[in-house]
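Residue numbers (the working numbering), protein chains in the order written: chain A, 1355 to 1574; chain B, 1355 to 1574.
Protein chains: 2
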Amino acid sequence: MSSMDKNISPAVIKRLPRYYRYLGALKAKNITRISSKELSERMKVTASQIRQDLNNFGGFGQQGYGYNVENLYVEIGKILGLDKSNQMIIVGAGNLGQALANYQDFNNNSIGFQVIALFDVNPKLIGITVHGVEVHDIDDMEEFIKNHEIKIAALTLPQDQAPKIAKELASWGIKGFWNFAPVDLTLPDSVTVENVHLAESLMTLTYNIHSREDNEDTGE
Amino acid sequence: MSSMDKNISPAVIKRLPRYYRYLGALKAKNITRISSKELSERMKVTASQIRQDLNNFGGFGQQGYGYNVENLYVEIGKILGLDKSNQMIIVGAGNLGQALANYQDFNNNSIGFQVIALFDVNPKLIGITVHGVEVHDIDDMEEFIKNHEIKIAALTLPQDQAPKIAKELASWGIKGFWNFAPVDLTLPDSVTVENVHLAESLMTLTYNIHSREDNEDTGE
DNA sequence: TAGATTGTTAATCGATTAACAATC
DNA sequence: TAGATTGTTAATCGATTAACAATC
């Protein structure tokens, strides 16, 4: 990683967290080494792809041996930026925002993400505490972001408010948006957006269900 | 749609819901026709890609005119299976499951998805109502699925329980899983899984944030 | 009709897989 | 050492973009 990681394809980046998850599971089973071949069988990808992917970032393996699980786990964590402090805020303290604040899969020390505040306009929500995290008035957001040097914001607010608020957040220093609003955000190039478009993912599911049904009908 | 849609690439399928969203927005603005060129500018993709994608499913356009917005919206809806009844259950009535039950983006009549039951093992949750939907005992799930002919299940339960329960659900007739558990499900080919791996999507976000920082440091 | 824009074929680009020499 | 497995180059495959004849 560091300053020379150029032109890594998005396809590779998207696979890294999955490698990280499998390596974490191997580690938990006290498995200390693994070859690309064995990992490929567990993950149902080609060994070639694993080696190609990893070699974008460095030679983590050893000929005749394979990869050291613990080492590779740590290295991929570093590549993903999980060794850095990743404090985040959640903008929109409705059901989804609150669910994310409670979500244990990432909101724990082991992978370094920490939700430190929720924000909302609704006076009924302001002041309540969700999983030990307070809901603040959205008007206090600028000061909070600047004081705490927050770089990551989850957007769990209505579609019509998201673009305007995202623009403000970017101007206050937010560098990465985890966007749950069903809208495409247009922001400066220095800012990253990761979309989680739930309705859209559900639609691809129904497509697949129905197209499979049709294929079965025709005996394919 | 229909039985002859063969070998459509997943890349194309993933783009369909986004077309659908843009067409819905155009419709709401009372725009009745659009060319692939104009749509491409709005969506920031190439016009060529739009035409290629749509022509996998049929010639919806007209030379010299473009596409009729309303018609194309309806057709893509059909392709995605949104014209069919899409009743679903949510397995796991924790924070995330409850948030999904409340989620208005898809859980409304306009796109045909309907959450009709939540299930959980926790006696404290069983019997409560979330957004008008009751939390049932997970032991009643088999009967419920069979009686209501449910085809879609959202899995919002702990990682260690997901694979076993998914297998049971598949044996009871579930054809599509919307999987929020951070684990890969191994299921028969007749079953579709759409993964929403939140922790993993957050990791790709941090990768992008940090790699962009690095590039700025070196003035690239 | 003339102009616009599609549907579709061909060219390019990028990503995946295969192969194998290097080497632990 | 001999066997195993990587790192990396070359071959293949698939997806995207460009071009243009067809046609509304």
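Cβ coordinates follow ideal geometry from the N, Cα and C atoms, glycine included.
Tell me, which residues are paired with residue i by DSSP?
i	result
B:Arg1387	B:Asn1422
A:Gln1452	According to DSSP, A:Gln1452 bridges with nothing at all.
A:Leu1509	A:Val1445 and A:Asn1533
B:Leu1472	B:Ile1444 and B:Val1489
A:Gln1416	A:Gly1420
B:Phe1467	B:Asn1440
B:Val1428	BP columns for B:Val1428 are empty, so no partner.
B:Thr1483	B:Glu1488
Any idea if residue i is buried or exposed, counting beta-carbon neighbours within 10 angstroms, 16 or more meaning buried?
i	result
B:Gln1417	exposed
A:Glu1395	exposed
B:Ser1565	buried
A:Ser1356	Caution is warranted here: a pLDDT of 41 is assigned to A:Ser1356, below 50, making its placement in the model unreliable, and the coordinate value is therefore given only provisionally. Classification of A:Ser1356: exposed, given that the 10 Å Cβ count is below 16.
A:Ala1508	buried
A:Ala1382	exposed
B:Lys1459	Note on identity: in this sequence residue 1459 of chain B is Asp, with Lys being the wrong assignment. B:Asp1459 comes out buried.
A:Lys1478	exposed
A:Leu1365	The sequence as given places Ala at residue 1365 of chain A; Leu does not occur at that position. Exposed is the call here.
B:Ser1313	Outside the displayed span of chain B (1355 to 1574) sits residue 1313 of chain B, for which this structure offers no information.
A:Lys1529	buried
A:Asp1407	buried
B:Thr1560	buried
B:Ser1390	buried
A:Ile1385	exposed
B:Asn1361	exposed
B:Ser1363	exposed
A:Met1358	Reliability of the predicted coordinates at A:Met1358 is poor, the pLDDT of 43 falling under 50, and the value obtained from them is presented with this limitation in mind. Counting Cβ neighbours within 10 Å, A:Met1358 comes out exposed, since fewer than 16 surround it.
Taking C-alpha atoms, which residue in the options lies nearest to residue i?
i	options	result
A:Gln1441	A:Glu1395, A:Asn1501 and A:Ser1402	A:Asn1501
B:Asp1491	B:Gly1378, B:Gly1481 and B:Ile1499	B:Gly1481
B:Ala1455	B:His1485, B:Glu1429, B:Gly1466 and B:Lys1438	B:His1485
B:Glu1567	A:Thr1540, A:His1551 and A:Gly1527	A:Gly1527
B:Glu1503	B:Asp1514, B:Leu1511, B:Leu1523 and B:Pro1517	B:Leu1523
B:Leu1552	A:Ala1520, A:Asn1476 and A:Lys1368	A:Lys1368
B:Phe1498	B:Ala1471, B:Tyr1373, B:Glu1429 and B:Thr1386	B:Ala1471
A:Val1489	A:Ala1516, A:Glu1496 and A:Phe1473	A:Phe1473
A:Met1495	A:Ile1433, A:Pro1512 and A:Ser1525	A:Ser1525
A:Ser1555	B:Leu1556, B:Thr1560, B:Glu1554 and B:Val1547	B:Val1547
B:Phe1467	B:Val1475, B:Val1545, B:Thr1483 and B:Leu1434	B:Leu1434
B:Lys1505	B:Glu1429, B:Met1397 and B:Ile1444	B:Ile1444
A:Lys1398	A:Asn1361, A:Tyr1373, A:Ser1544 and A:Val1428	A:Tyr1373
A:Val1575	A:Ile1404, A:Tyr1457 and A:Gly1378	Given that chain A is displayed from residue 1355 to residue 1574, the structure contains no residue 1575 of chain A and the question cannot be resolved.
B:Thr1483	B:Gly1448, B:Gln1513 and B:Asp1493	B:Gly1448
For the beta strand (DSSP E) containing residue i, list its first residue and its last residue.
i	result
B:Gln1366	For the sequence presented, residue 1366 of chain B should be read as Val rather than Gln. No beta strand (DSSP E) holds B:Val1366; the alpha helix (DSSP H) holding it covers Pro1364 to Ala1382.
B:His1490	Val1487 to Asp1491
A:Asn1549	Thr1546 to Asn1549
Would you call the CB atoms of residue i and residue j closer than 8 Å?
i	j	result
A:Thr1558	B:Pro1536	no
A:Asn1581	A:Asn1533	Since the first and last residues shown for chain A are 1355 and 1574, residue 1581 of chain A lies out of range.
A:Leu1380	A:Val1423	yes
A:Leu1393	A:Tyr1376	yes
B:Leu1436	B:Ile1465	yes
A:Tyr1421	A:Phe1411	no
B:Gly1431	B:Leu1511	no
B:Ala1453	A:Ala1453	yes
A:Val1487	A:Val1475	no
B:Leu1541	B:Ala1520	yes
For the alpha helix (DSSP H) that contains residue i, what are its first and last residues?
i	result
B:Phe1498	Met1495 to His1502
A:Asn1409	Ala1401 to Asn1409
B:Ser1439	Looking at the DSSP string, B:Ser1439 is not in any alpha helix (DSSP H), and its letter there is neither H nor E.
B:Pro1517	Ala1516 to Ser1525
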